[in-house]
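Trainee: The sequence shown begins at 6 in this note's numbering and counts up by one.
Can you keep this structure in mind? I'll have questions shortly.
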Amino acid sequence: MQSNHSLPVDPDRLLAIAQKWGTPTYVYLEKMIRERCRSLNKIFPDLPVSWLFAVKANDNPHILKIIADEGFGFDTVSYEEVLLCLRIGTDPKDIFYTENNMTDAEMHGAALQRVVLNIGSLGRLEAFCEAYPGNECSIRIKPDISDGHHAKVDTGNQDSKFGIRLDLISDAVELARRHGVRIRGIHAHIGSGIQEPENLLAEIEVLLKSSTNLEDLEFINFGGGMPIPYKPGEKPFDLDLFGELASKRLRAFLKSAGKPVKFFFEPGRWVVGPAGILLTQVNTVKDQGRKTFIGTDTGFNHLLRPALYDAYHGVVNISAGTGEAEHTYHIAGNICESGDMLGLDRSLPESSPGDYLAILDAGAYGMTMASQYNRRALPAEVLVTDDGHHKTIRGRKSPEETVDELLRETGLLHANTDETP
Ligand code: LLP
């Protein structure tokens, strides 16, 4: 047994992908993504709840199309994400743009595209009201509720940079009223990888209460943050229980509101996290005295979470048969920094150069946070389709193409001659 990790897909299938496509490669499971979307779609059967996928978790357009096909809209946080969703055919009314230190140009772009603009500061609200009197928007508030798997992704706490302070909501309302701007919606997001589900319920409470200030209220957006288990033994988020508790509260709110109000949630990680695997090949096994290192052909340039948040991702040696002796390894990347570790003190079967490893739960915030640090190419991305086929959904650049790309972008290689001046 390898550290109690269960693969969401047959290891032979992963091996076949690694051998055919090479490594590093992100693999996504369409069936699982669809099933997870459907599980969410089921938890509020009798309420006007819609789901938005947080594009920042995974922005491969093929993945976005699958999720859109399951009836989801999109939560975007940059003008580029907005454009991406529009380009894959999403109706602007199903695209929420939650701004954060947005520029004027981005604001004008969002207004032109007619997406739902969710504004998180009084200064930006004022700029919007002055530029677009008589228009409409939504506001993001800071609920002063702290959660998230790491301090770096805790967005709702008192000292967070996000959202309008609770005591300034009335100023926002007054500002909008003066310019004839309708505040149609209210939003908050307390953090990613929520540790205490009660905090989500507490946030719902704050939003419901704050929404009573808004006479043009049409929707309330409760954000994302639903966690997934990464470590063996971690409990999955109890979706049904959450659905039950939240439903009770939302039903009561609708009764007292006396007008139709829609609700949104915008999960990212929960939808795609477990449905993505990063495949890498071992090229080095090295005894450093106190620790034995497995060296791989990927690193924090491709999966930043362990280095940035000390995040845990399960690692399985898919080349090694079962029942072999377990060894304890540090799993290292090929980036020239000592913090480039993908897993520490992991129990794996004896591993050798040439073996393939599967890094689990990498479907969210894997590829979207990848970089070309050390000038390495990005991983390829492969989809295991609903009908069991494999499809490239993003190709890999060769080392030569990767270098040429930099030279071209910096004006040192001319596209038609491929010669450096
Ligand atoms: N809505 C808003 C406004 C957000 O800022 C986020 C995530 C989400 C929804 C989706 O959160 P989720 O359901 O995925 O937890 N890179 C970090 C996560 C950063 C999340 C930032 N905001 C990680 O790898 O853990």
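The C-beta atom is built at its ideal place from N, Cα and C for all residues, glycine as well.
1. Determine, using beta carbons only, whether HIS332 and THR297 come nearer to each other than 8 Å.
2. Alpha carbons only, please: which of ASP315, ALA251, GLN377 and GLU355 is nearest the one belonging to SER307?
3. Beta carbon of GLU350, beta carbon of ALA325: below 8 Å?
4. For my contact list, ASP80 and VAL60 are in at a C-beta cut-off of 8 Å; report their separation, rounded to the angstrom.
5. In three-state terms, what does DSSP make of SER356?
6. Whose C-alpha, out of SER83, ALA316 and LEU283, is nearest the C-alpha of HIS155?
7. With a threshold of 8 Å, are at least 3 pairs of Cβ atoms found where one atom belongs to the stretch 24-33 and the other to the stretch 383-390?
8. For the alpha helix (DSSP H) containing CYS142, list its first residue and its last residue.
9. Check whether the Cβ of SER44 sits closer than 7 Å to any heavy atom of ligand 1, and report yes or no.
10. Quick one: complete alpha helix (DSSP H) runs, 4+ long, within the stretch 126-186?
11. Taking the CB atoms as reference points, tell me whether PRO148 and ALA177 lie closer together than 8 Å.
12. How long is the line joining the alpha carbons of ASP152 and ILE195, rounded to whole angstroms?
13. Can you determine whether any heavy atom of ligand 1 sits closer than 7 Å to the C-beta of ALA375, and answer yes or no?
14. When DSSP labels each residue in this structure, what does ASP17 get in the three-state scheme?
15. Identify, in the order they occur along the chain, each residue of the same chain with its Cβ nearer than 7 Å to the Cβ of TYR84, setting aside the five sequence neighbours on each side.
16. According to DSSP, is MET6 helix, strand or coil?
17. Excluding the 5 residues flanking SER11 on each side, which residues of the same chain have their C-beta closer than 6 Å to its C-beta?
Mentor: Walking through what the data contain:
1. The residue given as residue 332 occupies position 327 in the sequence shown. The residue given as residue 297 occupies position 292 in the sequence shown. Yes, they are a contact pair.
2. On the sequence shown, residue 307 is found 302 positions in, with the first residue counted as 1. In the sequence as presented, Ser is not what sits at residue 307; that position holds His. The shortest C-alpha separation from HIS307 is found at GLN377.
3. Start at 1 with the first residue of the sequence shown, and residue 350 comes out as number 345. Start at 1 with the first residue of the sequence shown, and residue 325 comes out as number 320. Here residue 350 is Asp; the residue named in the question, Glu, does not match the sequence. Not closer than 8 Å, so no.
4. Residue 80 sits at position 75 when you count from the first residue of the sequence shown. Residue 60 sits at position 55 when you count from the first residue of the sequence shown. Right, their Cβ atoms sit about 7 Å apart.
5. By one-based count along the sequence shown, residue 356 stands at place 351. Coil.
6. In the sequence shown, counting from the first residue as 1, residue 155 sits at position 150. The candidate whose alpha carbon is nearest that of HIS155 is ALA316.
7. yes
8. Locating residue 142 in the sequence shown gives position 137, where the first residue counts as 1. Counting along the chain, CYS142 falls outside any alpha helix (DSSP H), though it belongs to the beta strand (DSSP E) covering 141-147.
9. Position 39 of the sequence shown holds residue 44. No.
10. 127-136 and 174-183
11. As a working note, residue 148 is residue 143 in the sequence shown. As a working note, residue 177 is residue 172 in the sequence shown. No, they are not a contact pair.
12. Numbered from 1 along the sequence shown, position 147 holds the residue referred to as residue 152. Numbered from 1 along the sequence shown, position 190 holds the residue referred to as residue 195. C-alpha separation (whole angstroms): 6 Å.
13. For the purposes of this step, residue 375 is identified with residue 370 of the sequence shown, where counting begins at 1. No, since every heavy atom of ligand 1 falls outside the 7 Å radius drawn around the Cβ of ALA375.
14. If you number the sequence shown from 1, residue 17 lands on position 12. The answer is helix: DSSP assigns ASP17 an H, G or I state.
15. If you number the sequence shown from 1, residue 84 lands on position 79. The residues are GLU111, GLY114 and ALA115.
16. Translated into the one-based positions of the sequence shown, residue 6 becomes position 1. Unreliable placement is indicated for MET6, whose pLDDT of 41 sits below 50; the coordinate value is still reported in the next sentence. MET6 falls in the coil class under three-state DSSP.
17. Against the sequence shown, residue 11 aligns to sequence position 6. Answer for SER11: no residue qualifies.
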